[in-house]
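So the protein lines, in turn, are chains A and B.
Sequential numbering of the first sequence, starting at -6, is according to my numbering.
Sequential numbering of the second sequence, starting at 40, is according to my numbering.
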Amino acid sequence: MSVLVYAESEKGQLKKIALELASFGRAIADQLNTDLIAITVNCDNNELLGNYGVNEILTSSHPEEFNAQQYAAIVKDAAQKKDAKVIAVSSSADSRYLAPLAAVELNAGYVTNVVEAPLSTTPFHVKRSVFTNKAFGISELNTDVKMVGLSKNAFGMHENPTTPTVTEFSPTVNNSSMEIASVDKANDQVTIADAEIVVSGGRGLKGPENWHLIEDLASTLGAATACSKPVSDMGWRPHSEHVGQTGKPVASNLYIAVGVSGAIQHLAGINASKVKVVINSDPEAPFFKAADYGIVGDAFEVVPKMIEKLKSFQAENT
Amino acid sequence: MKILVCISHVPDTTSKINFVENNTQFDTQGVQYIINPNDEFGLTRAMWFKEKEGATVDVINVGGPATESTLRKALAIGADNAIRIHTEALDATQVAKEIVAVIQENGYDLIIAGRESIDYNGGMVPGMIAALTGMNYLNNCIRLEIEGQNATAVREMDGGKETVTTPLPLVIGAQKGLVEESDLRIPNMRGIMMARKKPLSVLEPQHGDAQVQTIAYEKPAPKGAVKLVEPENIDQLISLLHNEAKVI
């Protein structure tokens, strides 16, 4: 038996979530006293997984483009080849896309949004977040093969040096009748999914022409930019920046909300962030109840000052 | 074209989340139920295909009699037929298998389900339906056009989007962006009256085995009070973020 993780890469380089996932997989493998295997596709820096407790890496160099059905087949083949009893995936858009397909093929019970290592392995109990981070559920998986989706930023990266073997893996991949016509991906931007810091703006910014405040603060911090639902509904910012219950989920280390009142739907979507800072001129804004740090003040004065102070802080600390 | 829209019956987003029966059951006391928002985006797109292309739209829910009010709302918005599978499913696999039995019986060109429900957030039912039926599948769908037996659809990815072409039948995981917020419909009196006469069939379940059982719920520990920093004193905030929170 073994534990298998699907370690995602982008342009040949492992994503940070892949390293967090490997750390999580290592914890499960230790609980089960077994090996941790990683499966990668089109990955050029496999050896990095050796810093996070992986014993063996299977790597496939096809298909060239992501296709959920084909990637699910690769995960399934790897799981069967290595007799994996637990398969862990991340909560990236691609992993959440392919995982249920693989779970059906493997007849595996599958649980998403898992927030820590299994509470026990016999019976197999995991804790997952439900009701959009407003509660947790303890779930029991009673299938022979089990699949768990790790909530982003819930486990962290834990170094655990190993010397893994890397084996070329040639899974059976059927042709797909779904074809990619085009991909539109910004190269230079930090994505909300990967960002450690997210800076978000709300109606308090008064209009799209003031968004440079959010963008400047974000670029000072190396952060991704986001917005509240009203802002995307009014067309100030694209839908893809909307974070909240029906928008993108945020689970960053630091979430800074500027001029966002903190409606319950917004808070639900960003609650998994570790530290929340709110800047709002209205001291009654509900966000102050959910935040760790707050400034009651005018964003147009506070944000430029904050950028200036952060720059001098960074100059002193590098 | 025949479309099936999967409708999850979920607590309104502002509901208080509490548990009863020794923290094993969700407390439904005083909770208002709505169509899961991601399903509603999908249903709204289905209405477009009904009105512009003459598609028929069925809606389905796997649940007890209490979910019928939500199915009636979908009928009032414009769906043609509603189906309720009479069982309280324990996990996503049970839900998916019940829906697949109906798909195999009726045959559909397009299956729409929300990318996830806002109650249990599993995000797996549409993918499981695709895997169980062998249909093509696109998750996080933010645009869908259909011409004849072919679809062009856009998937939102982390940091971008991709456009795909695929033959029908197809399963999509719907989400915000698939339709404009302003296209969402509030049922009018005529729709509500018509919905009363539309068929809502109740089917007996397949009784498949559950693979996952949720045995208990808990609520997060209460959060401490916010630390307020004066606007003149931003250095203090930076020092708190650096030394105390250790996030910068």
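Backbone N, C-alpha and C fix where the C-beta goes; we use that ideal spot for every residue, glycine too.
Here the structure is a predicted model, which means the values were calculated and not measured.
Could you tell me whether the Cβ of residue i comes closer than 7 Å to any Cβ of chain B?
{"i": "TYR45/A", "result": "no"}
{"i": "ILE173/A", "result": "yes"}
{"i": "PHE281/A", "result": "yes"}
{"i": "LYS78/A", "result": "no"}
{"i": "VAL295/A", "result": "yes"}
{"i": "SER132/A", "result": "yes"}
{"i": "VAL82/A", "result": "no"}
{"i": "HIS232/A", "result": "yes"}
{"i": "ALA69/A", "result": "In the sequence as displayed, the identity of residue 69/A is Lys instead of Ala. Judged by the 7 Å Cβ criterion, LYS69/A is not in contact with chain B."}
{"i": "GLY149/A", "result": "no"}
{"i": "SER85/A", "result": "yes"}
{"i": "THR239/A", "result": "yes"}
{"i": "ASP226/A", "result": "yes"}
With distances taken from CA atoms, which of the options is nearest residue i?
{"i": "PRO261/B", "options": "VAL119/A, TYR90/A, ASN126/A, SER88/A", "result": "ASN126/A"}
{"i": "LEU207/B", "options": "ASN227/B, ASN175/B, VAL193/B", "result": "ASN175/B"}
{"i": "ALA115/B", "options": "PRO259/B, ARG194/B, VAL268/B, LEU223/B", "result": "LEU223/B"}
{"i": "SER225/A", "options": "ILE207/A, ARG196/A, SER245/A, GLY215/A", "result": "ARG196/A"}
{"i": "THR184/A", "options": "VAL104/A, VAL236/A, ALA81/A", "result": "VAL236/A"}
{"i": "ILE313/B", "options": "MET150/A, SER245/A, LEU91/A, LEU134/A", "result": "In this structure chain B extends from 40 to 287, so residue 313/B is not present and cannot be described."}
{"i": "ILE300/A", "options": "VAL270/A, SER212/A, ASP285/A, LYS222/A", "result": "SER212/A"}
{"i": "LEU29/A", "options": "SER113/A, LYS120/A, PRO154/A, PRO56/A", "result": "PRO154/A"}
{"i": "HIS232/A", "options": "ILE225/B, LYS215/B, GLU283/B, ILE277/B", "result": "LYS215/B"}
{"i": "SER175/A", "options": "THR191/B, ALA140/B, SER278/B", "result": "THR191/B"}
{"i": "GLY81/B", "options": "ALA128/B, VAL139/B, ALA152/B, ILE138/B", "result": "ALA152/B"}
{"i": "ILE123/A", "options": "ALA265/A, PRO276/A, GLU309/A", "result": "The question names Ile, yet the displayed sequence has Val at residue 123/A. VAL123/A has its Cα closest to that of ALA265/A, out of ALA265/A, PRO276/A, GLU309/A."}
{"i": "GLU58/A", "options": "ALA77/A, SER2/A, LEU41/A", "result": "SER2/A"}
{"i": "MET233/B", "options": "GLN71/B, ARG111/B, ASN75/B", "result": "ARG111/B"}
{"i": "ASP158/B", "options": "THR105/A, HIS118/A, PHE117/A, ALA110/A", "result": "THR105/A"}
{"i": "MET171/A", "options": "ILE211/B, GLU220/B, SER221/B, ALA284/B", "result": "ILE211/B"}
{"i": "PHE293/A", "options": "GLU109/A, ASN273/A, CYS220/A, ASP76/A", "result": "ASN273/A"}
{"i": "ASP87/A", "options": "PHE280/A, ASN44/A, ASN60/A, ASP37/A", "result": "ASN60/A"}
{"i": "SER163/A", "options": "VAL47/A, VAL(-2)/A, GLU309/A, THR52/A", "result": "THR52/A"}
Could you tell me whether any Cβ in chain A is nearer than 7 Å to the Cβ of residue i?
{"i": "ILE185/B", "result": "no"}
{"i": "ALA300/B", "result": "Residue 300/B is absent from the structure shown; chain B starts at 40 and stops at 287."}
{"i": "ILE231/B", "result": "no"}
{"i": "TYR72/B", "result": "no"}
{"i": "THR205/B", "result": "yes"}
{"i": "LEU171/B", "result": "yes"}
{"i": "GLY198/B", "result": "yes"}
{"i": "ALA85/B", "result": "no"}
{"i": "GLN296/B", "result": "Not covered by the structure: residue 296/B. The range shown for chain B is 40 to 287."}
{"i": "MET228/B", "result": "no"}
{"i": "VAL44/B", "result": "no"}
{"i": "LYS258/B", "result": "yes"}
{"i": "VAL286/B", "result": "yes"}
{"i": "PRO76/B", "result": "yes"}
Starting from residue i, follow the alpha helix (DSSP H) in both directions and report where the run begins and ends.
{"i": "LEU239/B", "result": "LEU239/B -> not in any alpha helix (DSSP H); beta strand (DSSP E) instead, spanning 239 to 242."}
{"i": "ARG235/B", "result": "228 to 236"}
{"i": "VAL70/B", "result": "Here VAL70/B belongs to no alpha helix (DSSP H), and DSSP marks it neither H nor E."}
{"i": "MET167/B", "result": "164 to 172"}
{"i": "LEU206/A", "result": "205 to 214"}
{"i": "VAL104/A", "result": "Segment 102 to 107 is the beta strand (DSSP E) holding VAL104/A; no alpha helix (DSSP H) there."}
{"i": "MET196/B", "result": "It is not in any alpha helix (DSSP H) - MET196/B instead sits in the beta strand (DSSP E) that spans 189 to 196."}
{"i": "HIS259/A", "result": "257 to 263"}
{"i": "GLU301/A", "result": "292 to 309"}
{"i": "SER278/B", "result": "273 to 278"}
Specify, as a first and last residue, the run of the beta strand (DSSP E) that residue i falls within.
{"i": "ARG154/B", "result": "No beta strand (DSSP E) holds ARG154/B; DSSP gives it neither H nor E."}
{"i": "ASP177/A", "result": "172 to 178"}
{"i": "HIS48/B", "result": "48 to 50"}
{"i": "GLN252/B", "result": "251 to 257"}
{"i": "GLU92/B", "result": "First-last for GLU92/B: 76 to 92, but that is the alpha helix (DSSP H), not the beta strand (DSSP E)."}
{"i": "THR365/B", "result": "Nothing about residue 365/B can be reported from this structure: the residues present for chain B run from 40 to 287 only."}
{"i": "SER193/A", "result": "190 to 194"}
{"i": "VAL224/A", "result": "Note, VAL224/A: premise wrong, no beta strand (DSSP E); alpha helix (DSSP H) at 222 to 226."}
{"i": "ILE56/B", "result": "From DSSP, ILE56/B is part of no beta strand (DSSP E); its letter is neither H nor E."}
{"i": "LYS282/A", "result": "Premise fails: LYS282/A lies in the alpha helix (DSSP H), 280 to 283, not in any beta strand (DSSP E)."}
{"i": "SER(-5)/A", "result": "-5 to -1"}
{"i": "LEU183/B", "result": "175 to 186"}
Could you tell me which whole alpha helix (DSSP H) segments of length 4 or greater appear in the segment 102 to 152 of chain B? The qualifying runs are 107 to 116, 131 to 145.
To be precise: take each residue of the segment 147 to 163 of chain B, compare its Cβ to all Cβ atoms of chain A, and keep it if any distance is under 9 Å. Which residues remain? Going along the segment 147 to 163 of chain B in chain order, one finds ARG154, GLU155, ILE157, ASP158, TYR159, ASN160, GLY161, GLY162, MET163 with a Cβ nearer than 9 Å to chain A.
Which residues of the segment 155 to 171 of chain A have a Cβ closer than 7 Å to any Cβ of chain B? Give them in chain order. For the segment 155 to 171 of chain A, residues whose beta-carbon sits nearer than 7 Å to a beta-carbon of chain B comprise SER170, MET171.
Could I get the ranges of all uninterrupted beta strand (DSSP E) runs contained in the segment 24 to 92 of chain A, with 3 residues as the minimum, in chain order? The beta strand (DSSP E) runs lying completely inside the segment 24 to 92 of chain A and spanning 3 residues or more are 28 to 34, 49 to 53, 77 to 82, given in chain order.
Below 8 Å between beta carbons is the criterion; list the residues of the segment 264 to 278 of chain B that meet it against any residue of chain A, in chain order. Taking 8 Å as the Cβ-Cβ cut-off, the segment 264 to 278 of chain B approaches chain A at VAL265, LYS266, LEU267, VAL268, GLU269, PRO270, ILE273, ASP274, LEU276, ILE277, given in chain order.
Contact list for the segment 94 to 113 of chain B against chain A, Cβ threshold 7 Å: Those would be none; no residue qualifies.
Jot down the residue ranges of each uninterrupted alpha helix (DSSP H) in the segment 144 to 170 of chain A, minimum 4 residues, whole runs only, in chain order. Within the segment 144 to 170 of chain A, no complete alpha helix (DSSP H) run reaches 4 residues.
Can you give me, in chain order, the residues of the segment 97 to 115 of chain A that have a beta carbon less than 7 Å from any beta carbon in chain B? Cβ contacts with chain B: VAL97, GLU98, GLY102, TYR103, VAL104, THR105, ASN106.
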